[in-house]
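Counting along the sequence shown from 1, when you hit position 32 you're at 120 in the numbering used here, and nothing is skipped either side.
C-beta: ideal position from N, C-alpha, C; glycine also.
Notes for the one structure printed next.
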Amino acid sequence: MQQVDRFAEMLALAYNNPVVINNDVKCVQEALNAHNYGTNAKREVDLLRWFNMPEIPPIMGPAVLIDTAGVMLLWSLPEVLSSHFQDLMWGALSPINAMLSRSVSEPTANGTWRIAHRNFDGADMQGCLNFSPAWFQQGRNASTACPEVSATLKARNPDQGGRDWLKQMMVPSAVLSAAMAIMHSDLYTAGRKAVIHLYQDLAMPHSDDPAFAEMAEMLRLAVRIC
89 MQQVDRFAEM LALAYNNPVV INNDVKCVQE ALNAHNYGTN AKREVDLLRW
139 FNMPEIPPIM GPAVLIDTAG VMLLWSLPEV LSSHFQDLMW GALSPINAML
189 SRSVSEPTAN GTWRIAHRNF DGADMQGCLN FSPAWFQQGR NASTACPEVS
239 ATLKARNPDQ GGRDWLKQMM VPSAVLSAAM AIMHSDLYTA GRKAVIHLYQ
289 DLAMPHSDDP AFAEMAEMLR LAVRIC
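Take a look at the structure:
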């Protein structure tokens, strides 16, 4: 409860301290496409020139960064997580240490920037993992195929590190989910609707797969951390 109270107080302080940047992110969004991975240096320079991206002022305390249309871009909540809460989250990483270490590589021009070594300089732990409770498998008809859990989360996977991480993150994720409901209520609502649909989809073929028994729980735990 102390962590929840701490979050509530910090969110209130941040909400009452908006920092406005002179830009409209909707215009920027419309100029982007599905292949803007952030790895094309020329494309990044062009975007900065076209939209005259302003320099973000230093933010040292609780604040929320918004654009000229009032769209919330970033929340600054320094020290919002108590040391005990941080210890819980750090300890939960133990089951996925091996997977994290294998995930880092140099991305190609058309690959993702998230796994680049340069993102983790000086980090105590390096890596980037994507867990999903409901992938639409490639090469299948999305209208008829039943979504499946990520291979790293399936019950038959010999490495159960991902599932162990989810279980250990239950309490931290519940608090983070509550914060998300306030910070970005539209995203929270979309996630909640997805959970409801996944429950309804248990009647679809292959619903006896052990992974489906935890699918909705996985979505609640994982989607809010992003």
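- Nearest neighbour of Leu176 by Cα position, chosen from Ile184, Asn124 and Val259, turns out to be Val259.
- By the criterion of at least three beta-carbon pairs nearer than 8 Å, the region 234-246 is not in contact with the region 206-213.
- For Ala186, the enclosing alpha helix (DSSP H) covers residues Asn185 to Ser191.
- For Ser220, same chain residues with a beta-carbon under 6 Å away, outside a window of 5 residues either side, are Ser238 in chain order.
- Per the DSSP secondary-structure output, Ala151 pairs in a beta bridge with Ser164.
- Ranking Leu162, Gln117 and Pro246 by CA distance to the CA of Tyr103 puts Leu162 first.
- If you draw a straight line from the Cα of Ala180 to the Cα of Lys255, it comes to about 9 Å.
- With respect to the 8 Å criterion, Ser189 and Gly215 are classified as neighbours on the basis of their beta carbons.
- A Cβ-Cβ separation of about 5 Å places Val107 in contact with Leu153 under the 8 Å criterion.
- Ranked by how close their Cα comes to the Cα of Pro150, the residues Arg137, Pro183 and Val168 have Val168 in first place.
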